[in-house]
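Numbering (numbering that gives the first Met the number 0), first residue to last: 0 to 171. Notes to accompany the following structure.
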Amino acid sequence: MICGERCSLRPYEAGDVADLGRLANDKLVTRWMTATFRYPYTLADAEAWIARVTREDPPNAFVILVHGAFAGSVAIVPRDGEVLGTAEFGYWLGRQFWGRGIAGEAARLLADYALTDRGLRRLEAYVWEPNGASARVLEKAGFVLEGRLRDGVVDREGLVSNLLIYGRLATD
Ligand SMILES: CC(C)(COP(=O)(O)OP(=O)(O)OC[C@H]1O[C@@H](n2cnc3c(N)ncnc32)[C@H](O)[C@@H]1OP(=O)(O)O)[C@@H](O)C(=O)NCCC(=O)NCCS
């Protein structure tokens, strides 16, 4: 368990399927997430995700708990080959938990853990430019804006936007 003031992080458990399925099945949550985060998000999607991440040792995906309740998720995806030592970084929160500083703290907790305890040298996050709250979450977690892929992404309604690349190094 990784503990902060507003939230704590713990690895996923098999019993999280119902909470994950309920909170993730929200068009506003999935809107600016990678297309593999589907909408509608079904219980089968939740089961498949949890089956995958609970096999990882050490764990890379964490449940965000607020007063003990499942509130969302934050994860790293460590890479190998020529990008060994780096990881992609992502997070989401159930809609009723937005606007309370929870994602900012959860992102900082996981980034600190990944860059110290896990020995990664670089974390990288991709943000759709209209997602201002997410860009701010990353800034609060110590990431810096490194680049802007112009017209880099298209959302599920066909709206094209720039893709921002944020990074944080262990040495930052
Ligand atoms: C993005 C998300 C994680 C933010 O969670 P949150 O707990 O509300 O975030 P926080 O409260 O920690 O921080 C949000 C910050 O963005 C600011 N903000 C909110 N809306 C904003 C906007 N439209 N533009 C700019 N800043 C905005 C808030 O004021 C706050 O900053 P502050 O603490 O300096 O006041 C949440 O909205 C979410 O889960 N969205 C759907 C999934 C998603 O987009 N994930 C990220 C993919 S890259």
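Just so you know, even glycine gets a beta-carbon here, dropped at the ideal spot from N, CA and C.
- Residue side-chain check: G103 places its Cβ nearer than 6 Å to a non-hydrogen atom of ligand 1.
- Restricting attention to L144, D154, D44, S72, the CA atom closest to the CA of D171 is found in L144.
- Around the beta carbon of C2, fewer than 16 other beta carbons lie within 10 angstroms, which makes this residue exposed.
- Excluding residues up to 5 positions away in sequence, S7, R9 lie with their Cβ nearer than 6 Å to the Cβ of M0 in the same chain.
- Within a 10 Å sphere around the beta-carbon of R135 sit fewer than 16 other beta-carbons, which makes this residue exposed.
- Under the 10 Å beta carbon count, L19 is surrounded by 16 or more other beta carbons and is classified as buried.
- Fully enclosed alpha helix (DSSP H) runs of no fewer than 4 residues occupy 16 to 23, 26 to 29 of the segment 14 to 39, in order along the chain.
- Between A60 and Y11, the gap from beta carbon to beta carbon is short of 7 Å.
- In this structure, L92 lies near A102, with their beta-carbon atoms less than 7 Å apart.
- Your pair E128 and L163 checks out as a contact, with CB atoms roughly 6 Å apart and the cut at 8 Å.
- Taking 7 Å as the cut-off, the Cβ atoms of R94 and L27 count as close.
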